[in-house]
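Trainee: All letters in the sequence shown, in the order written, are residues 1419 to 1764 by the numbering used here.
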Amino acid sequence: MNYIDLRSDTVTHPTPEMREAMANAQVGDDVYHDDPTVNQLEADAAAMFGKEAAVFVTSGTQGNLCALLAHCQRGESAIIGDTSHIFRYEQGGMAQLGGILPHTVPVQDDATLRLSDLEAAINPDDEHKPVTRLVALENTHNSAGGIPVSADYTRLVAQFARRNGLILHIDGARIFNAAAAFGLDAKSLVDGADSLSFCLSKGLCAPAGSVLVGERDFIRRARRARKALGGSMRQAGVLAAAGLLALHTMRDRLIDDHENAQLLAEGLSEIPGIAINSQHTNFVFFSLSAAVDMTLDEFVGALRQEYNIYMSPYAGEQGQVRLRTHYWIDREAINKIIAAVNAVLT
Ligand SMILES: *Cc1c(COP(=O)(O)O)cnc(C)c1O
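And the structure:
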């Protein structure tokens, strides 16, 4: 590629091996459970997380929505972080399509939800109140800057959920980035959770698709929800073939993306005019200092026009640029980015 795209890890193209596997994939009609490649992907994902079953869905948004629709009845409430992806970036699908009431609690700086806040969010058995059914965590936490959430904390929330008769869902779009950051098996990050949704796209490079895992009966209901949402695909093995490579060959290299993000943050931090705000896993956030005689849009525009380097001003916080490293950004690209930013600012 003759450009460097740091806007997100969603921009990753499939690898040459993925394209080849897609071309050669065995397929069948997945609505009849006849696609061997989809069946393999679902079986492998379930086994990897020690759950009974899994379902291949079109996107992370659909994975979360299928989970919520399968876990909750209309009129019930789900406790979610106030900056969670489910609350902020999924168009309120849970409420719009599921009649499920989001009950938000503040996401702390370390990307956790306080147990005392969770406790206070559980409605008493009172006919004025919706029944509280579920709590959801996010790992890594997108809006918190890619912070990974620990296995110990997740276990605490799982125990809390069990004590209170709540279901625990994990939006693990980037769960393998969290696993890489802690040097842990991803399974230990979902200990005690009832369901997990994770993305095969993003850092794992598959062109599309997410997987939702959980108990067999839950997955049966989630498959029904997927159908109602228009997400049941036919010869989806062409996508699952890339997903299998994502699942089996792309996880171990995510640590390279984290190292590159760290090198990028270190290199940028030495440039006058740049203030690094945070760096976690494959995310870097920075601002331009007041001394810089350029708007963010001018800065981003100059990098794009003069160097084919794509960054996007972050919509969530005024005045920040968000960078995400991924498979298509290697060490050489990191050096080019630092040199280009230096040139644009001096
Ligand atoms: C990307 C993401 C999703 C799902 O996004 P899609 O674009 O629908 O695949 C869900 N949760 C988090 C935390 C994400 O980062």
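For glycine and all other residues, C-beta sits at the position ideal for the given N, C-alpha and C. Nothing here was measured: the structure is a model prediction, and the numbers come from that model.
Could you say which of R1580, S1495, D1535 lies nearest to A1549 if we only look at CA atoms?
Mentor: In the sequence as displayed, the identity of residue 1549 is Val instead of Ala. Nearest of R1580, S1495, D1535 to V1549, Cα basis: S1495.
Trainee: Say whether the stretch 1596-1612 touches the stretch 1434-1449, bearing in mind that this needs 3 or more beta-carbon pairs closer than 8 Å, one atom from each stretch.
Mentor: no
Trainee: Would L1682 and I1588 qualify as a contact pair, given that the criterion is a beta-carbon distance under 8 Å?
Mentor: Their beta carbons are not under 8 Å apart, which means L1682 does not touch I1588 by this criterion.
Trainee: Would T1551 be called buried (16 or more neighbouring beta carbons within 10 Å of its own) or exposed?
Mentor: Contrary to the premise, residue 1551 reads as Arg rather than Thr in this sequence. Classification for R1551: buried.
Trainee: Which complete alpha helix (DSSP H) runs does the stretch 1546-1618 hold, if anything under 4 residues is left out?
Mentor: 1569-1581, 1593-1600
Trainee: What's the gap between the Cα of A1646 and the Cα of Q1480?
Mentor: 11 Å
Trainee: Curious, which full-length alpha helix (DSSP H) runs of at least 4 residues does the stretch 1662-1699 contain?
Mentor: 1672-1687
Trainee: Could you round the C-beta distance between L1586 and V1631 to whole angstroms and report it? I think they count as a contact, below 8 Å.
Mentor: Not really, about 13 Å apart at Cβ, beyond 8 Å.
Trainee: Across which residues does DSSP place A1472 in a beta bridge pair?
Mentor: DSSP output for A1472 lists V1631 as bridge partner(s).
Trainee: Hey, could you find the ends of the beta strand (DSSP E) L1519 is sitting in?
Mentor: Where L1519 is concerned, the enclosing beta strand (DSSP E) stretches over 1519-1523.
Trainee: Might you give, ordered along the chain, the residues of its own chain that have their beta carbon closer than 6 Å to the beta carbon of T1501, omitting 5 neighbours on each side?
Mentor: V1525, S1561
Trainee: Are there any heavy atoms of ligand 1 lying less than 7 Å away from the beta-carbon of S1628, as far as the coordinates show?
Mentor: yes
Trainee: Among A1539, D1570, L1706, L1665, which has the Cα closest to the Cα of A1465?
Mentor: L1665
Trainee: Below 8 Å, how does it come out for the stretch 1421-1441 and the stretch 1634-1649: are there three or more Cβ pairs, yes or no?
Mentor: no
Trainee: Between which two residues does the beta strand (DSSP E) carrying F1703 extend?
Mentor: 1701-1706
Trainee: Give me the residue from P1520, H1521, L1536, G1564 with the minimum Cα distance to A1579.
Mentor: L1536
Trainee: Go ahead and pull the three-state DSSP assignment for G1719.
Mentor: helix
Trainee: My understanding is that V1710 touches A1472, with C-beta atoms under 8 Å, so please give their C-beta distance in whole angstroms.
Mentor: Actually they are not in contact, since the Cβ atoms of V1710 and A1472 sit about 48 Å apart, beyond 8 Å.
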